[in-house]
Structure formats: C-alpha cells, structure tokens
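In my numbering, the protein residues as written are 55 to 355.
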C-alpha cells in the first residue's frame, strides 16, 4: 500500500498547491470505575489527483500519536499494568473520491480505531478506500516495559451523511494488508453519521474495538484443538484481552465531544464472528463488564 501511494504521487505533476495538510487534537477524561485519560494527535497529508472535475484518486499519509493509561492495550490486572502508554499508528491510504462536497459539510475518511479521534476530510461527498496501518505501542512505568508492533488492514466507505470502516489483521479482505497474527489491535470498526445544522458539523458514531494478548501460534493451535478460546501458555497474555463498544458524539465547532463506553461484554462482536461465522476460537476476557463515560475536548485545523 505504501509503495502504491508513492507511485501515484510521482505519476502526476507534483505541486505544493495540491498538497493538503490537516491535523486535529483531542483529549479525553473517562469517568467510571477507574481513572483514565487519552491524548491523541492526528496529522494527515494528502495529494488529491483530480480526474475531470468531479472525482479524484487521493493518496495520503495518516498518523495518529496517542498517549493514555488504563485503556485498550493495557493489562486488566492492576499488578501487571503500566502507568503510561504510547500508541503510534501510521497509515498509507488510498481513496477513490467523487462528487464535490459543499464547503459546509466536507467528506470524512475514518482510518483505524475509533478510540483515537480522526480528523481526515476530503473535498468529496463519497470516498471508498483502503489502507495499511503500521502500529507501534509501548507501555512504561510500573512493571517491565513492553514494546509491540503490528500491521493492520483497513477498508472504509463514506457518503455525505454516513460513513463506516472496518480494520483487522486478517479476514476476507484485510488479510492482504494485515500481518494475519490475530493479536493486539485484533479487529474493530464503526458506523457513523454526520450532519450540518446551524453552522456546525455534528458526528455520531457507534464503534467496536478489540485488543488481545499474543503468543506465537496460540491462535492456530487452539483452532486445531477445537478449543472455544485461545489458550495462552503465559496467563498474563490473557489479561490483555479486552473489548469496547462506544457510542460517541463530537462537535468540532464547539470543541466538544462525549461518549458512553461498554467494556468487556461477555460475548462481543468479534467472539460472534470467530465462533459462529469462521469457527475460530475467541479471546476470553478476565474482567467483568462495566460502563464508563467519556468527556472530550477537540480542536481541528
């Protein structure tokens, strides 16, 4: 994917006037059974290659840099949980976009996890595309630091009022762009709605994200043994298994957002896909389900 984006950029006459730089920042505080915060910065560089007057191919480079604690990616057992985490997700992206958008409601492209707020817009109502996401994650502080990396595939579709995305490291589509290890950010997606009212853009989305531990070949071996769940040799890896449903509202014009998060439901969307659709083992969760609330401050340039 990265090579395709670079090739397209150099196949057309380059002009600094065609380069589009966007960025946004968000800060979240969570209120529930434990203290959580999340600071995320999303710069994006794109180079629209116009085809006629009403469509374009848009290669872009999207980066999400996030700092947080007690969120997806940390152990659910406090004795094994670090104080501070960093997650960097770099996504070479390619979009086919068509039908010019009005200035009051630009097109929107969702990339990677809805946990980290995205600020990637286009000048087109309709956008269909793919991306590969390279992720580095580190946890530091209380216990021995860990550093992890992986590669995911993403697909997205957006129209004037509705958008959706799906990411995974495998599956029927993303297996060509992910590393197929079934680990860490192991799958998720979102469906969202946007509308313009009284001079402001409003976003409302429902998202699902899943994070899991990893031991080499544990997923494949568990499937061969017809186990209902992935069996890790190191029980600590099971403590990283966690999932989250999120209902979120964001109003960038007022720099405000809010969300309700449902954590660790006993049988989540990915469990359903693994057990009832693909007959694969699913990732057992140690923690009981709970709900928390998220208040966001957002700023978009």
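Ideal placement from N, C-alpha and C gives every residue a C-beta, glycine not left out.
Query, Result
"Straight-line Cα distance separating residue 222 from residue 240", "6 Å"
"Cα-Cα separation between residue 149 and residue 218, rounded to whole angstroms", "14 Å"
"Assumed close pair residue 189, residue 142 - CB separation to whole angstroms, cut-off 8 Å", "7 Å"
"Range covered by the beta strand (DSSP E) that runs through residue 99", "90 to 100"
"Selected residue, minimal CA-CA separation from residue 230, among 213, 349 and 184", "184"
"is_contact[residue 235, chain C] using C-beta, thresh 8 Å", "This model lacks chain C altogether; it includes just one protein chain."
"Beta-carbon separation (whole angstroms), residue 300 vs residue 168, contact threshold 8 Å", "6 Å"
"Chain-order list of residues whose beta-carbon lies under 6 Å from that of residue 180 (same chain, five-residue window excluded)", "152, 153 and 213"
"Distance between residue 144 and residue 206 (C-alpha atoms, nearest Å)", "10 Å"
"Nearest-angstrom Cα separation, counted from residue 351 out to residue 234", "35 Å"
"Between the CA atoms of residue 100 and residue 110 - distance to the nearest angstrom", "12 Å"
"Contacts around residue 64, its chain only, beta-carbon distance under 8 Å, and the 5 residues preceding and following it disregarded", "Model confidence at residue 64 stands at a pLDDT of 48, short of 50, so the residue's coordinates are unreliable and nothing is read from them."
"Continuous beta strand (DSSP E) assignments of at least 3 residues falling wholly in the region 121 to 204", "138 to 154 and 178 to 194"
"Check whether residue 165 and residue 210 have beta carbons under 8 Å apart", "yes"
"Identity of the residues DSSP links to residue 265 by a beta bridge", "239 and 296"
"Exposure of residue 358, with buried meaning 16 or more beta-carbon neighbours within 10 Å", "With the chain running from 55 to 355 in the structure shown, residue 358 is simply not present."
"Under 8 Å between C-beta atoms of residue 265 and residue 296", "yes"
"Residue 355 to residue 72 span [Cα, whole Å]", "17 Å"
"Boundaries (first-last residue) of the beta strand (DSSP E) holding residue 311", "310 to 317"
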